[in-house]
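A quick write-up on the structure given underneath.
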Amino acid sequence: MTKLVHWVDTLLKWFLASLMAGIVVVVCWQVVSRYVLGAPSSITEELSRCLLIWIGMIGAAFAYRTGVHLGLDIVTRRLKVERQRHVQLVLTAAVVLFAFNVMVIGGGNLVWLTYELNQMSAALGIRMAYIYIAIPLSGMLIVFYGLSQLYFGIRQQPMQPVEGMH
Amino acid sequence: MELAIIVLLVVFFGLLLLNVPISFCIGLATLATMLLSIDFMPAVTTMAQRMAGGINSFALLAIPFFILSGLIMGRGGIARRLIECAMALIGMLPGGLALVNVVSCMFFGAISGSAVAATSAIGSFMLPEMKKQGYDVNYSAAVTASAATTGMLIPPSNILIVYAIASGGVSIAALFVAGYLPGILLGMALMLVCAGYAKLKGYPVGARLPLKLVVPKVAAALPSLFMIFLVIGGIISGVFTATEAGAIAVVYSLILAVGIYREVKPNELPAVLMKAAETTAIVMALIATSSAMSWILSYEQIPQVISAAMLTLSENPLLILLMINLILLLVGAFMDMTPAVLIFTPIFLPVAVELGMSPLHFGIMMVLNLSIGLVSPPVGSVLFVSCAIAKTRIEAIIRPLLPLYLAMFAVLMLVTYVPAISEFLPKLFGLY
Numbered sequence: 068m069t070k071l072v073h074w075v076d077t078l079l080k081w082f083l084a085s086l087m088a089g090i091v092v093v094v095c096w097q098v099v100s101r102y103v104l105g106a107p108s109s110i111t112e113e114l115s116r117c118l119l120i121w122i123g124m125i126g127a128a129f130a131y132r133t134g135v136h137l138g139l140d141i142v143t144r145r146l147k148v149e150r151q152r153h154v155q156l157v158l159t160a161a162v163v164l165f166a167f168n169v170m171v172i173g174g175g176n177l178v179w180l181t182y183e184l185n186q187m188s189a190a191l192g193i194r195m196a197y198i199y200i201a202i203p204l205s206g207m208l209i210v211f212y213g214l215s216q217l218y219f220g221i222r223q224q225p226m227q228p229v230e231g232m233h
Numbered sequence: 002m003e004l005a006i007i008v009l010l011v012v013f014f015g016l017l018l019l020n021v022p023i024s025f026c027i028g029l030a031t032l033a034t035m036l037l038s039i040d041f042m043p044a045v046t047t048m049a050q051r052m053a054g055g056i057n058s059f060a061l062l063a064i065p066f067f068i069l070s071g072l073i074m075g076r077g078g079i080a081r082r083l084i085e086c087a088m089a090l091i092g093m094l095p096g097g098l099a100l101v102n103v104v105s106c107m108f109f110g111a112i113s114g115s116a117v118a119a120t121s122a123i124g125s126f127m128l129p130e131m132k133k134q135g136y137d138v139n140y141s142a143a144v145t146a147s148a149a150t151t152g153m154l155i156p157p158s159n160i161l162i163v164y165a166i167a168s169g170g171v172s173i174a175a176l177f178v179a180g181y182l183p184g185i186l187l188g189m190a191l192m193l194v195c196a197g198y199a200k201l202k203g204y205p206v207g208a209r210l211p212l213k214l215v216v217p218k219v220a221a222a223l224p225s226l227f228m229i230f231l232v233i234g235g236i237i238s239g240v241f242t243a244t245e246a247g248a249i250a251v252v253y254s255l256i257l258a259v260g261i262y263r264e265v266k267p268n269e270l271p272a273v274l275m276k277a278a279e280t281t282a283i284v285m286a287l288i289a290t291s292s293a294m295s296w297i298l299s300y301e302q303i304p305q306v307i308s309a310a311m312l313t314l315s316e317n318p319l320l321i322l323l324m325i326n327l328i329l330l331l332v333g334a335f336m337d338m339t340p341a342v343l344i345f346t347p348i349f350l351p352v353a354v355e356l357g358m359s360p361l362h363f364g365i366m367m368v369l370n371l372s373i374g375l376v377s378p379p380v381g382s383v384l385f386v387s388c389a390i391a392k393t394r395i396e397a398i399i400r401p402l403l404p405l406y407l408a409m410f411a412v413l414m415l416v417t418y419v420p421a422i423s424e425f426l427p428k429l430f431g432l433y
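So the sequences go chain by chain: P and U. Just so it is clear: in the first sequence, position 42 is 109 by our numbering, and no numbers are missing. Just so it is clear: in the second sequence, position 302 is 303 by our numbering, and no numbers are missing.
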């Protein structure tokens with residue numbers, strides 16, 4: 068289990084870093100193509116927006132894993148350790164509930180609908196469904212991380228932090 | 002409709018108190034409210050679509066760029082050079098280091114878009130330095146936190162980009178230029194408090210450096226300060242959009258940090274990219290879920306009801322603006338800035354416009370107001386970062402923050418009631 072989590076962590080880390088580098092290159096290319104080449108690229112704007120959706124969605128799952136989403140611990144940190152573990156269970160359940168219902172089911176349905184309707188993106192000419200697939204994918208990752216947190220929580224083992232992110 | 006508001010608030014605050022991440026609190030509160038009037042499948046599909054739609058924007062793309070360039074500048078020795086430049090220029094005034102802290106934060110705010118980035122970049126240098134010279138740790142942390150908020154107004158500013166989108170059409174260039182005067186005013190008010198406090202406590206005054214030592218310090222910072230002309234000049238003159246300016250800022254900060262100052266090694270870059278993606282995702286998750294919440298609010302016609310109620314409450318525009326400010330201060334204490342802007346702009350902007358306020362002026366007022374929330378407990382991201390660097394507790398820095406809050410509030414009142422502070426520069430540059 069620890070190995071599987073580590074493997075997913077590493078995959079996500081490098082995937083996100085590549086998307087981030089990609090987005091910088093794409094927008095720089097937009098400026099270069101307009102001023103230096105004199106022929107503004109027609110796809111950079113849409114491509115960078117797609118990349119942003121992917122970074123936002125997949126990154127949200129990763130940020131849940133590293134525990135950096137903003138939260139409020141003024142009440143919970145005053146509780147006894149045993150109580151804190153119960154609260155942690157409720158917290159994880161709430162996050163998984165949202166990720167499963169809205170992101171996996173809702174997002175999945177969105178992907179299916181846009182695929183059925185054959186909705187295409189304006190400039191790139193790819194199916195919108197491929198862009199939206201980031202939503203259910205992120206939802207599944209959050210459910211995966213939530214469940215592995217429960218798994219380690221029940222066994223009272225600490226979940227290893229992500230290497231290189233502190 | 003009343004039921005919708007109750008469900009929304011109860012679910013949101015209930016989960017918030019359980020330490021559920023704020024973006025998920027917003028998402029679950031929205032889901033619960035939606036299920037009151039919409040079937041399950043259309044509700045979750047609409048939410049997913051609103052979430053993706055909320056971040057599907059080219060203007061928002063400037064945010065990851067300014068986050069990334071902020072990270073590179075923080076690690077690349079740029080923050081240190083800005084501090085040394087400020088030290089050479091104003092270190093000899095009373096409360097020298099506190100003033101240097103404020104000015105460095107303003108410099109850093111002028112080349113990066115986030116207050117959290119400024120806090121960690123400037124704080125990690127200034128806090129140990131201030132401690133060495135006998136400044137109280139809690140006071141230093143309070144100064145760093147409040148000074149970092151000037152960067153929210155001084156462009157580039159991520160939150161002004163979010164407001165431009167939420168307001169549906171105020172130009173980013175105009176907002177950026179409008180932020181300068183209020184941001185500088187805020188910095189000066191904070192410096193006034195710092196100087197007074199230093200006299201009171203008898204904090205050491207730095208030595209006046211001879212000119213031949215000042216010049217190299219300023220010269221070393223010039224390449225970093227050139228970023229201001231590159232980024233803001235480019236946006237104002239229309240050479241590139243705010244998003245493109247962000248990408249240019251990334252490239253320029255890379256050239257500085259890796260090429261010229263040589264403080265970041267190329268093999269450290271993947272880690273910087275990962276960190277930037279992670280921080281971006283936090284903001285995007287907030288924007289995505291807030292967009293969904295904004296949608297259900299307008300579906301339930303809640304903004305209209307609140308606007309109408311506020312306008313019947315009083316005829317006096319001064320009073321209504323004060324009321325809006327007080328509500329926003331409360332909101333800012335409990336909610337992060339990004340969702341607050343996205344959720345409350347559609348509610349209060351129509352009221353403000355009805356009272357004759359321009360959307361530009363309202364945006365600056367709102368961002369300044371919510372900046373105070375960044376440094377107020379219980380939810381204050383800048384406060385958290387500053388305390389973490391100073392290794393102190395939030396409770397301990399509230400007292401030294403009080404006079405600084407007062408200064409911030411005074412500037413907020415000035416900016417609220419004197420439109421020219423926000424509108425003069427954009428008009429001068431023909432942007433508004």
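Glycine included, every Cβ here is placed at the ideal spot set by N, Cα and C.
For a quick check, are the C-beta atoms of residue i and residue j less than 8 Å apart?
i, j, result
"U:C86", "U:K218", "yes"
"U:I373", "U:F410", "yes"
"U:V178", "U:L432", "yes"
"P:M68", "P:Y218", "yes"
"U:V21", "U:I160", "no"
"P:L118", "P:V93", "yes"
"U:M153", "P:L83", "no"
"U:L69", "U:V251", "yes"
"U:L83", "U:F66", "no"
"P:Y199", "U:A53", "yes"
"U:Y164", "U:T280", "no"
First and last residue of the alpha helix (DSSP H) that includes residue i?
i, result
"U:N139", "138-149"
"U:L36", "23-38"
"U:G71", "63-76"
"U:G180", "173-202"
"P:R116", "111-133"
"U:I348", "338-355"
"U:Y433", "That residue, U:Y433, is in no alpha helix (DSSP H); it is neither H nor E in DSSP."
"P:G174", "174-183"
"U:H362", "360-375"
"U:M414", "395-418"
"U:I283", "270-300"
Considering only C-alpha positions, which residue in the set the options is nearest to residue i?
i, options, result
"U:S121", "U:V416, U:T290, U:V144, U:P340", "U:V144"
"U:T150", "U:Q302, U:F227, U:A408", "U:A408"
"U:V103", "U:C195, U:L69, U:M52, U:V171", "U:C195"
"U:L429", "U:S299, U:S295, U:G184, U:A174", "U:A174"
"P:L191", "P:R145, P:E112, P:H153, P:L180", "P:E112"
"U:Y262", "U:G114, U:S105, U:P224", "U:P224"
"U:G75", "U:V376, U:A278, U:L90, U:C106", "U:C106"
"U:L350", "U:E396, U:L19, U:Q305", "U:Q305"
"U:G188", "U:A99, U:G239, U:Q134, U:V240", "U:A99"
"U:M228", "U:L210, U:A248, U:V216", "U:A248"
"U:G114", "U:P129, U:T46, U:S141, U:S158", "U:S158"
"U:V386", "U:L327, U:S141, U:I297, U:L226", "U:S141"
Distance, Cα to Cα, residue i vs residue j?
i, j, result
"U:I237", "P:F167", "44 Å"
"U:P340", "U:S58", "16 Å"
"U:G235", "U:L257", "18 Å"
"U:P183", "U:I348", "24 Å"
"U:P378", "U:S125", "21 Å"
"U:A146", "U:L193", "16 Å"
"U:F13", "U:L29", "7 Å"
"P:S215", "P:S108", "44 Å"
"U:G110", "P:Q151", "38 Å"
"U:I162", "P:G175", "30 Å"
"U:L17", "U:I23", "7 Å"
"U:P95", "U:A199", "6 Å"
"P:I110", "U:V206", "57 Å"
"U:A63", "U:T244", "4 Å"
"U:S315", "U:I185", "33 Å"
"U:L191", "P:H136", "30 Å"
Residue i and residue j look like a contact to me (Cβ under 8 Å); what is the Cβ gap, rounded to whole Å?
i, j, result
"U:M1", "U:A208", "Here chain U comprises residues numbered 2 to 433, so residue 1 of chain U is not present and cannot be evaluated."
"U:I73", "U:V273", "6 Å"
"P:V229", "P:V163", "No, P:V229 and P:V163 are not in contact; Cβ-Cβ is about 19 Å, not under 8 Å."
"U:L384", "U:P427", "That belief does not hold up - the Cβ atoms of U:L384 and U:P427 are roughly 31 Å apart, past 8 Å."
"U:A282", "P:G126", "3 Å"
"U:M294", "U:I325", "About 19 Å separates the two Cβ atoms, so there is no contact after all."
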